[in-house]
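So the structure is just underneath, and the comments pick up after that.
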Amino acid sequence: MLGQKPVWVNIDVPTQRFTLHRECMHTNRMCETPYKGIGKLKRDGGWIRFRNIDVAVKRQEEDYNQFELVIHCK
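Shown next as structure tokens:
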């Protein structure tokens, strides 16, 4: 198990990146836009909360394996 704390994932469709974040400057500044959601996906992706890193990585492997996995904050 990698961790039990909640994480946010920035799923970015245009760049095909799946970026994991703990609390950091990026999560503190996230905001919904017309094309990127918070808690939901829109045309260009969105910020999705997972209960821990293990669950987020499993989602990337199952549904976003063509996206680059980036772990921003450990």
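Under the numbering used here, the residues of the sequence shown are numbered -14 to 59, in order.
Positions of the beta carbon are idealized from the N, C-alpha and C atoms, including for glycine.
| said: Is the separation between the beta-carbon of residue -2 and that of residue 41 shorter than 7 Å? | reply: One-based indexing of the sequence shown puts residue -2 at position 13. One-based indexing of the sequence shown puts residue 41 at position 56. Their beta carbons are not under 7 Å apart, which means residue -2 does not touch residue 41 by this criterion.
| query | For residue 17, which of helix, strand or coil comes out of DSSP? | reply | One-based indexing of the sequence shown puts residue 17 at position 32. Three-state DSSP puts residue 17 in coil, outside helix and strand.
| field | Distance between residue 4 and residue 53 (C-alpha atoms, nearest Å) | value | Here residue 53 corresponds to residue number 68 of the sequence shown, with the count starting at 1. Here residue 4 corresponds to residue number 19 of the sequence shown, with the count starting at 1. Spanning the two alpha carbons is a distance of roughly 8 Å.
| request: Could you spell out the range, first to last residue, of the alpha helix (DSSP H) harbouring residue 42? | output: The residue labelled residue 42 in the question sits at position 57 within the sequence shown. Start and end: 38 to 48.
| query | Got a sec? Which residues, its chain only, sit under 7 Å from residue 1 by beta carbon, not counting five neighbours each side? | reply | As a first step, residue 1 is located in the sequence shown; it is residue number 16 there, counting from the start. Excluding positions up to five away in sequence, the list reads 51, 52 and 53.
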